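In mature numbering (1 follows the signal peptide of the UniProt record, and there is no 0), the protein residues as written are -26 to -1, 1 to 418.
The beta carbon of each residue, even a glycine, is placed where N, CA and C say it ideally should be.
What you are looking at is a predicted structure, and each value in this text was computed from that prediction instead of being measured.
Heads up: the structure comes next, in structure tokens.
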């Protein structure tokens, strides 16, 4: 495992004081005060506007591209076979620390309201520099309805390397922390590098992409890609993790084996989805920034949110695709005979800079409520979290001025665990969870 030189960011935003009381984080009253000037950058995004016109929905259409099985098998055979999630968990060599043992700079990034009930900072060897940063999270509760993967409770966190700093060989790469969450007091993790097979399965290259969104359903892990990429989503198979035999900065086949930028495990993509309208653009296909799984629809569905800059004259889109209900295609999206995937629901939202999205249908309700987490316009300080439907929006509130700037700082994706009622997310320093009922209670 690689070690980087030490460098810490200067933090801006509201100062928080966090202490651990049992498993809950209690925030002091002084920490909840956010200025009214901050609140102005987190305006009410308003009601969702359904998209039904053909001109709008066709821009959301995908086409599936699967890597031939023979190519995947060729690569796996050359690397000595595959391993599963349980094997990676058994080899965990990094430890998450509970919030009470984390630095104040780390804890300051957590939500003001509602407070996190579980929160962890990463192994110090992984935060020595800003080269690698976390942005996405998904859990075994999204993957399987019993909340477990085999006998294990698992959290996956996606990290992306900077494209401009750090060792040139690592720039733009994507990795996943496979976290053993069986013991909430002592979670541990190992790294898996995401790659893409090349040359008919004779080699692989690194996935050089911003994985701001990630969703785990069945055997498959779906991740977002960089803006402008021909591929909108990449698909991975959690049963096709492979061991690297050489720990060097190279990625792929080397003279004496297989390397994965210094990591011990590698996972090659098994497919991708591309917009039939072409690469994402301002006027055409969207640029997905957030993913999650909704197990409250029939069939289960993949929920997506689009990134748009603050002050944009174009509202972002929220939409969903149905998962295929065929056992032979578990974890893949439902396609027609030509391999095309159509959105089954789509909206416009007034929210901008979306970093997290989830959809939830309360028991007895006729429609879903959408939760959208987004950054402040200045890209520093705490963001906001809104619940939207076609009637309006409610945001979390905190402080004497009822600011909406209550959500996490530098927040990442959202992942709902139906079996526990928790919503998981990440900041650029912390992994945390909040009960959905606490989010609803904090909405004004």
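For residue j and residue i, believed in contact at Cβ under 8 Å, the rounded distance
i	j	result
residue 307	residue 295	5 Å
residue 180	residue 167	7 Å
residue 232	residue 220	6 Å
residue 204	residue 159	The Cβ separation is near 44 Å, so there is no contact.
residue 103	residue 129	The Cβ separation is near 23 Å, so there is no contact.
residue 240	residue 169	5 Å
residue 214	residue 46	6 Å
residue 332	residue 397	7 Å
residue 389	residue 59	Going by Cβ atoms, the distance from residue 389 to residue 59 rounds to 16 Å, so no, they are not a contact pair.
Nearest residue (CA-CA) to residue i, options the options
i	options	result
residue 406	382, 414, 393	382
residue 358	243, 387, 186	387
residue 151	157, 144, 396, 162	162
residue 62	89, 337, 237	237
residue 271	230, 243, 340	340
residue 412	69, 76, 87	87
residue 415	361, 71, 366	361
residue 325	248, 263, 228	263
residue 172	365, 268, 124, 50	50
residue 218	207, 130, 235, 159	235
residue 25	332, 323, 367	323
residue 355	281, 83, 107	83
residue 107	135, 81, 120	135
residue 208	165, 302, 177, 148	148
residue 23	400, 52, 293	293
residue 132	18, 157, 320, 164	164
residue 261	211, 329, 68, 301	329
residue 228	395, 174, 402, 178	178
residue 20	377, 346, 392, 393	346
residue 122	349, 404, 408, 392	392
residue 31	210, 320, 299, 191	320
For residue i: DSSP bridge partner residues
i	result
residue 405	94, 400
residue 233	220, 226
residue 41	Its beta-bridge partners do not exist; DSSP assigns none.
residue 177	172
residue 362	344, 367
residue 195	190, 210
residue 242	169
Short CB-CB distance (under 9 Å) between residue i and chain B
i	result
residue 28	Protein chains in the displayed structure number just one, and chain B is not present.
Item to check | the segment 308 to 316 contacting the segment 29 to 40, beta-carbon criterion three pairs below 8 Å | outcome: By the C-beta criterion, the segment 308 to 316 is judged to be in contact with the segment 29 to 40, since at least 3 inter-stretch pairs fall below 8 Å.
Next on the checklist: Check whether the segment 187 to 201 and the segment 284 to 293 touch, using three or more Cβ-Cβ pairs below 8 Å as the test.
Outcome noted: Using a C-beta cut-off of 8 Å, the segment 187 to 201 makes no contact with the segment 284 to 293, since fewer than three inter-stretch Cβ pairs fall below that distance.
Item to check | Stretch-stretch touch, CB-based, cutoff 8 Å, three pairs: the segment 213 to 230 with the segment 139 to 156 | outcome: Contact between the segment 213 to 230 and the segment 139 to 156 is present, because at least three Cβ pairs lie under 8 Å.
Checklist entry - Does the segment 169 to 188 touch the segment 251 to 261, meaning 3 or more C-beta pairs lie closer than 8 Å? => result With a cut-off of 8 Å, the segment 169 to 188 and the segment 251 to 261 do not count as touching, because too few Cβ pairs lie within range.
Next on the checklist: Between the segment 66 to 74 and the segment 89 to 101, can you find at least three pairs of beta-carbon atoms closer than 8 Å?
Outcome noted: In this structure the segment 89 to 101 touches the segment 66 to 74; the number of beta carbon pairs closer than 8 Å is three or more.
Item to check | Every unbroken beta strand (DSSP E) inside the segment 272 to 347 [3 residues or more] | outcome: DSSP runs (the beta strand (DSSP E)) wholly in the segment 272 to 347: 275 to 280, 290 to 296, 319 to 323, 328 to 334.
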